[in-house]
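Quick note on the numbering used here: the sequence shown kicks off at 2 and runs consecutively. We put the CB at the ideal spot given by N, CA and C, even for glycine. Notes follow the structure.
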Amino acid sequence: MARTSGNEQRIGLLNGFAAYGMWGLVPLFWPLMKPAGAGEILAHRMVWSLAVVGALLLFVRRWAWIGELLRRPRRLALITVAAAVITVNWGLYIWSVNTGHVVEASLGYFINPLVTIAIGVLLLKERLRPAQWAAVGTGCAAVVVLTIGYGHPPWISLCLAFSFATYGLVKKKVNLGGVESLAAETAIQFLPALGFIVWLGARGDSTFTTEGPGHAALLAATGVITAIPLVCFGAAAIRVPLSTLGLLQYLAPVFQFLLGITYFGESMRPERWAGFALVWLALALLTWDALRTARRSARALRARTAAAGATEPAPGGAAAREGDVVACGVPGTAGTQGAAPGRAPAPGSAQGTPMAPGGAPAAPTAPTAPGGTSVGPGGAPAGPES
Numbered sequence: 002m003a004r005t006s007g008n009e010q011r012i013g014l015l016n017g018f019a020a021y022g023m024w025g026l027v028p029l030f031w032p033l034m035k036p037a038g039a040g041e042i043l044a045h046r047m048v049w050s051l052a053v054v055g056a057l058l059l060f061v062r063r064w065a066w067i068g069e070l071l072r073r074p075r076r077l078a079l080i081t082v083a084a085a086v087i088t089v090n091w092g093l094y095i096w097s098v099n100t101g102h103v104v105e106a107s108l109g110y111f112i113n114p115l116v117t118i119a120i121g122v123l124l125l126k127e128r129l130r131p132a133q134w135a136a137v138g139t140g141c142a143a144v145v146v147l148t149i150g151y152g153h154p155p156w157i158s159l160c161l162a163f164s165f166a167t168y169g170l171v172k173k174k175v176n177l178g179g180v181e182s183l184a185a186e187t188a189i190q191f192l193p194a195l196g197f198i199v200w201l202g203a204r205g206d207s208t209f210t211t212e213g214p215g216h217a218a219l220l221a222a223t224g225v226i227t228a229i230p231l232v233c234f235g236a237a238a239i240r241v242p243l244s245t246l247g248l249l250q251y252l253a254p255v256f257q258f259l260l261g262i263t264y265f266g267e268s269m270r271p272e273r274w275a276g277f278a279l280v281w282l283a284l285a286l287l288t289w290d291a292l293r294t295a296r297r298s299a300r301a302l303r304a305r306t307a308a309a310g311a312t313e314p315a316p317g318g319a320a321a322r323e324g325d326v327v328a329c330g331v332p333g334t335a336g337t338q339g340a341a342p343g344r345a346p347a348p349g350s351a352q353g354t355p356m357a358p359g360g361a362p363a364a365p366t367a368p369t370a371p372g373g374t375s376v377g378p379g380g381a382p383a384g385p386e387s
C-alpha cells in the first residue's frame with residue numbers, strides 16, 4: 002500500500018513538474034508564430050483549444066456538467082466574465098512575449114499571489130496575519146521601486162497579475178473542473194475568435210493560409226499547448242499535497258524570468274533587480290507564514306484527535322495532512338482553475354491556489370496560469386497563463 006502511494010506521489014510530482022515546466026517555457030513557443038500578430042495567435046488559441054478540450058471530453062464522456070451549467074444563468078454569466086478576463090490575460094501575455102517584455106510578464110506572475118491576497122482583503126473582507134500584511138507591504142514597495150526603474154509603472158505586470166487574480170476570484174464562484182471550465186470558456190470565445198479569423202482572411206491579413214503548412218500547424222498547436230499542461234496539472238493535483246503544488250507553481254515565472262534574461266537578452270538594470278528582490282522577499286514571507294501556520298494547524302489537529310481518543314484518521318485523511326493545510330496559505334497558489342475533486346481549493350481563494358502562468362487556466366483552482374494559470378501564465382494557472 003505504501004509502495005503504491007509512493008508511486009502515485011512520484012507520478013504526481015512528474016506531472017506537476019511537467020505542467021509548470023511547460024507553462025514556464027511557453028515564451029519559447031509564441032515567437033515561432035510570427036509574422037502572425039498577437040490578435041491572430043490569440044484567436045487561433047481560442048478556436049483550437051475548444052477543439053482539443055472537446056475531443057478530451059468526448060473521450061472521457063464527461064458531458065453532464067453542460068446541462069447543469071445551462072440551467073444556471075448566474076453561473077453561466079460568471080463563466081462569461083471569466084472568459085472575458087482570461088482573454089485579456091492571454092492576449093496581453095502573447096503580445097508581451099512577442100514584443101520583448103518577457104521579464105516584465107514574468108513579474109506579473111510573481112506578484113499574482115500578492116494581488117490575490119489584496120483582492121481577498123478588499124472584496125472578500127478576509128483578515129490577514131501580520132506576516133501576510135508585511136508581504137503585501139513589501140510587494141507595494143517593489144512596485145514603487147520598479148516604477149522608478151522602468152520610468153513608469155510596470156503596467157504589463159500589473160495587468161497580468163490583476164486579470165489573473167480576477168479570473169481566480171470569478172472561478173471561485175463557478176466551481177467547475179479545469180478541463181470543463183476551459184471548454185465552457187473557449188465555447189464562449191469561439192464565435193468572436195472565429196469571426197476575427199475570417200475577418201482577417203477577408204482583408205488579406207491572415208497568415209494561417211499564406212505562410213505555409215508549418216505555420217498553420219503551429220497556429221493549430223496552440224490548442225494542444227493550452228490543454229496539455231492543464232491535464233498534467235489535474236493529474237498532479239490528485240496525487241500530491243497542495244503545499245507541494247504551491248511551491249512548484251513558482252517554477253513557471255522563474256523559468257520565464259530566466260528565459261527573458263538569458264535567451265531573449267532583456268536588460269536588467271540595478272533598480273529592476275532591487276524591485277524583483279523585494280518581490281521575492283515578499284513571496285518568501287508568504288511561504289514561511291504558510292508553512293508555519295500549517296505546522297501549527299497540524300499539531301492542533303493531532304492534539305484534538307488524541308484528546309478525543311480517536312484511533313482512526315478521518316476518511317481520506319482530509320485536512321489532517323499538513324500538505325493540504327499548507328495549501329490554504331501558500332502564496333501565489335492563485336489562479337488556476339478546475340482542480341481535481343477534493344484536493345485543490347476553490348479557484349481564486351485569497352490565500353491562493355496554484356496558478357497557470359502565462360494564462361493557462363490555471364490549473365485547478367489552482368494552485369489557475371502563466372499566460373496562462375491559474376495558476377497558467379498570458380497563461381495559469383493558469384494560468385496562470387502562459
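Got a sec? Which residues, its chain only, sit under 8 Å from residue i by beta carbon, not counting five neighbours each side?
i      : result
Leu1   : In the structure displayed, the chain extends from 2 to 387; residue 1 sits before or after that span and is not available.
Glu212 : Pro36, Ala37
Trp64  : Leu58
Thr210 : Gly202, Ala217
Thr88  : Leu43, Met47, Gln190
When the Cα of residue i is compared with those of the options, which residue comes out closest?
i      : options                        : result
Leu259 : Gly68, Thr208, Ser107, Asn90   : Ser107
Thr81  : Gly179, Lys172, Trp289, Ala309 : Lys172
Met269 : Ala291, Leu147, Ala237, Val116 : Leu147
Ile226 : Leu15, Ile12, Met23            : Met23
Val278 : Leu93, Ile112, Leu79           : Per the sequence shown, the amino acid found at residue 278 is Ala instead of Val. Taking only the C-alpha atoms, the option nearest Ala278 is Ile112.
Ala228 : Ala19, Ser158, Leu292          : Ala19
Trp123 : Leu170, Gln250, Ile157, Phe265 : The amino acid occupying residue 123 in the given sequence is Leu; Trp does not appear at that position. Taking only the C-alpha atoms, the option nearest Leu123 is Leu170.
Gly1   : Pro155, Glu127, Lys126, Arg128 : The first residue shown for the chain is 2 and the last is 387, placing residue 1 beyond what the model contains.
Ser158 : Val61, Lys126, Gly202, Val280  : Val280
Ile255 : Tyr21, Ala194, Asn90           : Reading off the sequence, residue 255 comes out as Val, not Ile. Here the closest residue by C-alpha is Tyr21.
Ile42  : Arg130, Asp206, Gly68          : Asp206
Gly13  : Arg297, Pro230, Ala295, Arg300 : Pro230
His153 : Gln250, Thr263, Leu93, Glu272  : Glu272
Phe265 : Leu29, Gly55, Gln10, Ser6      : Leu29
Ala275 : Val144, Ala291, Tyr251         : Val144
Leu248 : Trp289, Thr263, Gly121, Arg11  : Trp289
Ala56  : Val232, Arg130, Thr294         : Val232
Ala194 : Trp91, Ala166, Gln257, Ser6    : Trp91
Pro214 : Arg296, Val27, Ile120, Met34   : Met34
Which first and last residues belong to the alpha helix (DSSP H) in which residue i is found?
i      : result
Phe197 : 179-204
Met47  : 39-61
Leu231 : 223-238
Glu69  : 65-71
Leu29  : First-last for Leu29: undefined, no H or E at that position.
Gly92  : 74-99
Gln250 : Taken as a continuous stretch (DSSP letters only), Gln250 belongs to no alpha helix (DSSP H), as it is neither H nor E.
Leu286 : 271-308
Contact defined as beta carbons within less than 8 Å: I believe residue i pairs with residue j. What is the distance between those atoms, to the nearest angstrom?
i      : j      : result
Phe197 : Ala44  : 5 Å
Gly179 : Gly235 : 5 Å
Ala253 : Gly40  : No, Ala253 and Gly40 are not in contact; Cβ-Cβ is about 24 Å, not under 8 Å.
Arg62  : Leu70  : No, Arg62 and Leu70 are not in contact; Cβ-Cβ is about 17 Å, not under 8 Å.
Leu219 : Gly17  : 27 Å between Cβ atoms; not a contact.
Once you ignore the five residues that flank residue i on each side, which residues in its own chain have a CB closer than 6 Å to its CB?
i      : result
Asn8   : none
Leu286 : Ala132, Ala135, Ala136
Trp31  : Ile95, Val98, Asn99
Ala162 : Gly109, Ile112, Asn113, Val116
Ala142 : Leu279
Ala319 : The predicted model places Ala319 with a pLDDT of 42, which falls under 50 and marks its position as unreliable; any figure quoted below should be read in that light. None.
Trp66  : Glu181
Thr167 : Val86
Between residue i and the rest of its own chain, which residues show a CB-CB distance below 7 Å, the 5 nearest in sequence each way excluded?
i      : result
Trp49  : Ala221, Thr223, Gly224
Glu267 : Gly101, Val103, Val104, Gly261
Ser350 : With a pLDDT of only 37 at Ser350, under 50, the local geometry of the prediction cannot be trusted, and no value is derived from it.
Thr208 : Pro36, Ala37, Glu41, His216
Ala119 : Val137
So is the beta-carbon of residue i under 6 Å away from any non-hydrogen atom of the ligand GDP?
i     : result
Tyr94 : With respect to the ligand GDP, the structure offers nothing, as it holds no ligand at all.
Whole runs of the alpha helix (DSSP H) within the region 107-187, excluding any shorter than 4 residues = 131-151, 156-175
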